[in-house]
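Protein chains in written order, with the numbering used here: chain A, 7 to 326; chain B, -5 to 260.
For every residue, glycine included, the Cβ atom is placed at its ideal position computed from N, Cα and C.
From a predicted model like this one, the values you see are computed outputs, not experimental measurements.
For reference, the structure discussed in these notes is given below.
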Ligand SMILES: Cc1cc2nc3c(=O)[nH]c(=O)nc-3n(C[C@H](O)[C@H](O)[C@H](O)COP(=O)(O)OP(=O)(O)OC[C@H]3O[C@@H](n4cnc5c(N)ncnc54)[C@H](O)[C@@H]3O)c2cc1C
Ligand SMILES: Nc1ncnc2c1ncn2[C@@H]1O[C@H](COP(=O)(O)O)[C@@H](O)[C@H]1O
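Spelled out as structure tokens, the structure:
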């Protein structure tokens, strides 16, 4: 019986929340297939992240802390993850389907001769025969797939798996690594700095589309009041009105907040693919036929430049 | 500069996609097919690189004979040659990657440009797999630092920057929390994101005529020494869970009342 290796991802010295969902997914696999959940923390200066991971209901943490891992280059990271798969006797490899996971995990699968089911939203099949559910065609279909190789690699959609809760304190084992030098070199990072919550982690998202004509002020005012993250359609990001990191959809971020407010967004299938898992959806659009109304719990046919300031005012009143 | 670009024929994203009643696959009757939109971007980027540095652009597809339509279209927009790896039926991304690797080994390009994801299976892995199998460096989700409204974009300047000796490329890529710039030694695999290119060029009629005479080399998948058994098998497909239809509210105060007292999200 094999173990389950989960790759923990971190950013600026902190564990990414999506990795808690990855551990949650690994625990679901364990409940079905048996084995132990082993976490891998890799990078440079990983001590704090390792501590956090060790307290989340895993059996063991492998820690690879090395200069060679200072930036997450797919070539080196894939080597170390493959090494950890051997070291942990894992038959399942799990990571979050973030840009990090999407970049690296296919190379891990390639090294191990394993199949990769990407962006899975759930488990299927019976007992130890674990199959995976994943959206295809922009979410127009949900496929059940079988990974027909001895080692099975998956990336998980964070919004569809529970976060691992604090539990226990797992032993930490150092993993000595010496990856071959990569053919890629990190040059620089342009961070999108924001005081707002991270889009994929926020409980409220206020999103704007082309209907804003680039004026996000009414969106920002409402987001400020609600402590919300700001999202955008591709049209907005392509026009350069908002940074790429804000795009919600098939090829952007997938979000599932408790409240998603879409203003001036038509509701193309590629956009819906990134937000239709939200608990409550509000759509504000001046076109009563806009497809966004088909997924909205509450639709308001209105000009967003009138409706959003009014909404902000009314909510301010009820919040007191 | 010899650039190889991969092109997959996929269901048009504007077609209505419906799951078959027996759950075996999607309904294909009445569905249009097109080149994967991310591959259109990869081809455009390749043509810009060729315009800037000279060389050759070779487009490659793995699939049934119908994929010659997309390859011809790429020849009409400016690609020099095309290769079709003929295979009927389902190809998982891993098998496609291993077939594409065989063509790369034969063609020995300086650069392989691919889409970041094919919008049928939405797999997002073939590019990374090709790089891994070749032992090459990769830059996934290639993008641009400047806006798509910039002058450089209007002039069709490529986003991928080559070093003066053409032995390396500098590329911006989309990562969680922003953009990062990597330098990769060539040959390498670069997968293209949406914001690498805004304006695609379109084929002019004389070019479409000329493209009909350009060669499309055909290779039988079974002749390439690749195990064609998929590693990831689709067992069944089902429609996505439907969302309960909502209501239209007449005005903002009603909306706020519903959000507070019915949805309880305020
Ligand atoms: C391969 C591929 C991947 C894609 N990935 C994504 C993705 O990840 N995310 C994504 O969002 N899109 C994606 N798209 C693009 C998608 O198909 C749509 O083009 C896009 O979502 C449209 O953005 P929009 O709704 O803001 O703009 P539009 O479709 O132009 O809609 C604007 C809406 O605003 C309304 N409006 C205008 N003025 C006002 C006003 N004053 N008040 C209220 N309403 C107003 C209009 O009625 C209209 O409904 C992708 C497309 C492709 C081909
Ligand atoms: N059968 C195929 N033929 C040509 N290119 C392909 C094929 N499958 C995948 N690709 C390429 O790989 C990219 C990523 O695809 P995927 O990993 O399958 O989502 C696509 O954008 C294509 O460029």
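Looking at the backbone, the Cα of residue 9 of chain A and that of residue 82 of chain B are separated by about 37 Å.
If you keep only unbroken beta strand (DSSP E) runs of at least 3 residues inside the region 15 to 100 of chain B, you get 27 to 29, 50 to 57, 75 to 80. A:212 is the residue among A:133, A:53, A:212 whose C-alpha sits nearest the C-alpha of residue 281 of chain A. Annotation: residue 2 of chain B is outside any beta strand (DSSP E) and is labelled neither H nor E by DSSP. In chain B, no part has a C-beta under 9 Å from the C-beta of residue 47 of chain A; the shortest such distance is about 17 Å.
For residue 236 of chain A, no alpha helix (DSSP H) encloses it; the enclosing beta strand (DSSP E) starts and ends at 235 to 238. Residue A:140 holds the alpha-carbon nearest to the alpha-carbon of residue 149 of chain A among A:127, A:140, A:157, A:100. Residues 273 of the same chain have their beta carbon placed closer than 6 Å to that of residue 297 of chain A, with the five preceding and five following residues left out of the count. Those residues of the region 32 to 57 of chain B placed with their C-beta closer than 7 Å to a C-beta in chain A do not exist. Contact annotation: residue 139 of chain B and residue 190 of chain B have beta-carbon atoms that are not nearer than 8 Å.
In this structure, the beta-carbon distance from residue 155 of chain A to residue 116 of chain A does not fall below 8 Å.
Following the DSSP letters along the chain, one finds residue 148 of chain B in no beta strand (DSSP E) but inside the alpha helix (DSSP H) bounded by residues 145 to 148. For residue 125 of chain A, the enclosing beta strand (DSSP E) begins and ends at 121 to 126. About 18 Å separates the Cβ atoms of residue 210 of chain A and residue 251 of chain A, ruling out a contact at the 8 Å cut-off.
For residue 54 of chain B, the CB falls within less than 7 Å of some heavy atom of ligand 2.
CA-CA distance, residue 97 of chain B to residue 218 of chain B, rounds to 9 Å. For residue 196 of chain A, at least one C-beta of chain B is nearer than 8 Å to its own C-beta. The C-beta separation of residue 270 of chain A from residue 214 of chain A comes to about 6 Å, placing the pair in contact by the 8 Å criterion.
Taking the Cβ of residue 292 of chain A as the reference point, at least one heavy atom of ligand 1 falls within a distance shorter than 7 Å. Of the heavy atoms belonging to ligand 2, none sits nearer than 7 Å to the Cβ of residue 229 of chain B. With 16 or more neighbouring CB atoms inside 10 Å of its own CB, residue 80 of chain A falls in the buried class.
Distance from the CA of residue 102 of chain A to the CA of residue 125 of chain A, rounded to the nearest whole angstrom, comes to 8 Å. Contiguous beta strand (DSSP E) elements confined to the region 133 to 209 of chain B occur at 162 to 169, 172 to 179, 182 to 186, taking only those with 3 or more residues. If you draw a straight line from the Cα of residue 153 of chain B to the Cα of residue 137 of chain B, it comes to about 7 Å. The distance from the Cβ of residue 267 of chain A to that of residue 288 of chain A is about 5 Å, consistent with a contact at the 8 Å cut-off.
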